[in-house]
Every structure is written in structure tokens, then in C-alpha cells.
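Per this note's numbering, residue 661 is the first one in the sequence shown, and the count goes up by one each step.
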Amino acid sequence: MQIRQADILQILDKKIFNLISESADTLLYETYVIGGFVRDLVLNRPTQDIDIVCVGNGVQLAQEAAKRLGRQARLSVFKNFGTAQVTYHDLKVEFVGARKESYQRHSRKPIVEDGTLEDDLNRRDFTMNAMAICLNKEHFGKWIDPFDGLKDIENCVIKTPRDADITFSDDPLRMLRAIRFASQLGFFIEAQTFEAVERNKNRIEIVSKERIVDELNKIILSPRPSIGFELLDQTGLLEIILPELIALKGIETKEGIGHKDNFSHTLRVLDNLARTSNNLWLRWAALFHDIGKPKSKRFYPKTGWTFHAHEFIGMKMLKSIFRRMKLPLNDNLKYVEKLVSLHMRPIVLSDDEVTDSAVRRLLFEAGNDIDDLMSLCEADITSKNPEKVKRFLFNFKLVRSKLKEIEEKDRIRNFQPPIDGLQIMEMFHLSPGRIVGELKSAIKDAILDGVIPNEYEAAYVYLMQLAEEKGITKPDNEYSKIIQS
Ligand code: ATP
Ligand code: MG
């Protein structure tokens, strides 16, 4: 592959590069744009992240460049790391002095010293990430590619610049980065590099969960996440990081009846979903949707294999997985729990006989996530029989229209029962407790079952009847006056 000098000059013909170039010459620092930006330039992938390395003081260079860029530039200095960042419009430019890293067996932290450009390229993870372009005026646009990264990009190959065992042992996260790039770019991991991942897989345990999750997120967000997860599996990394997914593997056969391999099914669901949604947490939900299957698996001679309640068992497993992986234990977890626990529900709704009440209940439980749930269910169709796929998709289309019809009629999605617990307590002078809860959910159920409309007055009358039946008396107060007037 040849990269034309004219193309490089055209890409560098931007105010930002010209001013960095001037700054570098003023300070007499050899300066380069390096790493991901250079790789993505070859791959024609748009990127707003620019990494600059100078042989000198990176913070000083950033200050000089920020001065020239003027008021629209924002400078942040990270003193402890000797780096600085300049944001300028939508660009994020990182400045750092060239460094040499040496790792020692007994310590995770490298010894970092000032170094040359060559030292700096030597410590990088892959040949395609170890290319640079000079920004000093005298050699402006000069391409530096000591490890033939350009050739590897042309051949779609991911390969470490130095001995792969040393590269991975020094910073084991690089193993995940290799797999992430394979998944994002559709590249192959070169054989020796792959074997080194297999050999060094256990070292992943010294990497922080946050860094691991960053890479997993990138795999999950790639166009075909199954590429990444299959590589994680083949290298043995998945067993260490997410053993719950490995437990989905395999087909058991009894009395001539087998079930599907839930690992490959899961990956197909994730790929299907990746075609229709970029929502990271919906994709995590797809990855985990059947995670409860191994624990719920039973064989009955008459019916064959069942995975009864796997959606609830799966939902219950999520919190501890999220906690272990340092995934957010906030609304993101709740959202994934909701989707996993509800993923079997729309199937039942596709039945002709389905009642409005069942549709309302699903709308109520899924709330605003109902469309995401339907996308997950559609992605969950992985039958190899095209007729079946067509029929299932058609059924879900019916479910979607039933949901739409009932939602338009009853506005259930974000519905809050018109009388809440606090009001019930005030009306009957009750303290918090079981009775309040019972009355509250009776109102909710009556609305969802269509016994009463979703309105205050109807709910009030219903509540009074119920209270009377239960022998709860109501002191005279303003509520009764309002309703009587
Ligand atoms: P992306 O920005 O898509 O996540 P990237 O390769 O640009 O991918 P960055 O974190 O932006 O990743 O890093 C920029 C460059 O720094 C890389 O291209 C690579 O040269 C180097 N680099 C990043 N992480 C590592 C690492 N763990 N080991 C060695 N070099 C690394
Ligand atoms: Mg980058």
C-alpha cells in the first residue's frame, strides 16, 4: 500500500497542524502526530482524537500551541503524567513527550523515562498503531513506519511490533485491544500474536476492570460483535472475564432430543441487534438475555428440554456480574434487568387470543423501553428456517400494532396510578404498611385489567368500594367533599 504524499499534506493542511508545527519549530522540538490518528487516516475512519508526541516537554508544546490557537482553545495540564490536552472546536489533541518504558517482572508499573521517537514507537501495541508523521517544517508530512504497519493494514493484520509475549505481558490489556480491533475493523490477528494471547491470557487478571470494560464496550459496539466474542472465547480470555457466557456453550442430547447451543445463539442475537440498534445497554442486554439458561435447564421425557423461568434467573444474576465487572449499578443495570426479565413476554402476546389486559400489563412494566424490548425480541429470532423467521417476524409486527393500539387508547406507558400511597394514607389515616400497598396495587390492577378507566374519579369510587368491603372506614375529609360536589 502506498500512501500518497499529496493526500497526507492535504489532511495535515489544517490550522491545528500548522500551528503545532510552528510551535514545535519555535521550541526546537522534533514533533509528530502519532498512533490512532495516523492509523485511522489510512483506514479513512473519521476521528477527532489527535495524539502528538514531541522529543521534549509535551506540556510546554501544548501551552505554546494553545497560545497560538487563541481563545477557542482549552488547555488542561496533567502534571503527574507530564501530558496536556488541548480541545479546539470538536478536536481533542493530546501532547506528550516521547518516552521509553521498561517493565519489570515483579511490578505492573513501568519505569518511564524520556526517550526518542524510536523508543516511543517501540512501546506501542500494534504495528498499525506504531506509525507517525513528522510535523516540523523541514520534514512536514514525512511518514515514519518502522514496523511496516501500512503493509499490515493493507493485509488486515493485527500484529505486535516486538515479541508478542513481551508486549502482552508488559500490559495485558493489549490482548483485549487486539481482539477489539479485530472486531471493530474486521481484521485478523496474526498467528504468533494470537498464540501469545493464549499463552498470556491469565495476566488479564492484573488489569483493572474499568480498562477491561472499556474494551468490552468497544467490542459490543462494533459492527459484528460476535467476531470479538468468538476471539475472546478461542483465546481463553472469556472464561476468565465472563465465565457466565461460557456456561451457555454446548449441546446436550437426551433420548435423541438436543437443544440449541446457547452461546452461538446469543452471539447471533447480538449481531442481529447490532444491525438495528447502537444502544450500548440494549446490546449488553442481548449478550446477557439467556444467561439464566444453564441454571434453569431441565429435561422432561415428554416435552424435551425446557428453560423455565430462565429470564428471571438471568435477571437475578446481573447485579453480581455488574458489581464484579465494575459496570454501573445505576439505571443502566435496572434497564438491562428489565429487558432480560421481560424478553419472553412479547412472544405470548403474539397469540390471537391475547387480552387487552395482557398488553396493558406489558406496556406498564416496560414503560418507555417497550420499543427496545421489541427490538431485542426480534433479534432473538435465530431460526435457520426462513419460513419460521418470516412467521415470527410477522407475529411481532402484530404485537407491535397491538401495543400501539392499546397505548393510543389507554396511555399506559408512563402511567402512574391516579391515587398514590400517600393519598391513601391521608384519606384513611393509615400509617405505611401492607394495607396501603394492597389498596394501591388493587387500583393499579383494576386499571390494567380495564375494570376502571385511568382517571382519578373512577379510581376514587373504586377505592371507596374496596375499603368498605375490607371494613376500612374513612374519616370525613376534603376528599369526600370534592367528590360529592
Ligand atoms: P481508539 O481511540 O479507537 O480507542 P486508539 O488506538 O487510538 O484506539 P488510544 O487509547 O486513543 O487508542 O491510544 C492512542 C495510541 O496510543 C494507540 O494507537 C497506540 O499507539 C497507543 N496505545 C494506546 N494504548 C496502548 C497500550 N495499552 N499499549 C501500547 N500502546 C498503546
Ligand atoms: Mg484514539
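All C-beta atoms, glycine included, are put in the ideal place defined by N, C-alpha and C.
Note that the structure is predicted; figures quoted are calculated from it, not measured.
Buried or exposed for residue i, going by 16 or more other Cβ atoms inside 10 Å?
i, result
"Glu1115", "exposed"
"Val702", "buried"
"Glu724", "buried"
"His968", "exposed"
"Gln708", "exposed"
"Lys878", "buried"
"Ala945", "buried"
"Gln1144", "For Gln1144, the pLDDT reaches just 44, beneath the cut-off of 50, and the residue's location in the model is therefore unreliable, leaving the point undetermined."
"Phe1052", "buried"
"Lys1130", "exposed"
"Lys1141", "Residue confidence is low: Lys1141 scores 45 on pLDDT, short of 50, so the model does not pin down where it sits. No coordinate-derived value is stated."
"Val1008", "exposed"
"Met975", "buried"
"Ala666", "exposed"
"Gln670", "exposed"
"Ile710", "buried"
"Gly695", "buried"
"Gln852", "exposed"
"Leu833", "buried"
"Leu876", "buried"
"Gly888", "buried"
"Ile872", "buried"
Please report the residue range of the alpha helix (DSSP H) in which residue i lies.
i, result
"Asp1016", "Asp1016 to Ala1026"
"Phe889", "Pro885 to Thr895"
"Lys976", "His970 to Arg984"
"Glu858", "Ala851 to Asn860"
"Ile826", "Ala824 to Asp830"
If I follow the unbroken beta strand (DSSP E) through residue i, where does it start and stop?
i, result
"Phe738", "Ala733 to Phe738"
"Leu1082", "It is not in any beta strand (DSSP E) - Leu1082 instead sits in the alpha helix (DSSP H) that spans Gly1081 to Phe1088."
"Ala744", "Thr743 to Tyr748"
"Ala792", "Ala792 to Cys794"
"Ile880", "Premise fails: Ile880 lies in the alpha helix (DSSP H), Lys869 to Ile880, not in any beta strand (DSSP E)."
"Ile694", "Glu690 to Ile694"
How many whole angstroms separate the CB atoms of residue i and residue j, which I take to be in contact at a CB cut-off of 8 Å?
i, j, result
"Gly1027", "Arg1073", "6 Å"
"Leu687", "Gly716", "6 Å"
"Leu897", "Leu905", "Not quite, the Cβ-Cβ distance comes to about 11 Å (not below 8 Å), so this is no contact."
"Ile712", "Ile680", "6 Å"
"Ile813", "Leu891", "Not confirmed; about 19 Å, so no contact."
"Val1000", "Trp941", "With 8 Å as the limit, Val1000 and Trp941 do not qualify as a contact, their Cβ atoms being about 11 Å apart."
"Ile901", "Ile864", "7 Å"
"Val698", "Ala792", "6 Å"
"Cys714", "Thr743", "Their Cβ separation, rounded to whole angstroms, is 11 Å, which puts Cys714 and Thr743 out of contact at 8 Å."
"Val1059", "Ser1010", "5 Å"
"Leu1036", "His1003", "6 Å"
"Thr1042", "Arg928", "4 Å"
"Ala934", "Asn796", "Actually they do not touch by this definition, with Cβ atoms about 43 Å apart."
"Pro821", "Phe841", "At roughly 14 Å, the Cβ-Cβ gap does not stay under 8 Å, so Pro821 and Phe841 are not in contact."
Which residues, in chain order, sit with a beta-carbon under 5 Å away from any heavy atom of the ligand MG? Gly696 and Asp709
Just to confirm the assignment: which complete alpha helix (DSSP H) runs, minimum length 4, are found wholly within the stretch 755-819? 777-782 and 809-814
Would you list, in sequence order, the uninterrupted beta strand (DSSP E) runs of no fewer than 3 residues that lie entirely inside the stretch 902-968? 957-960 and 964-967
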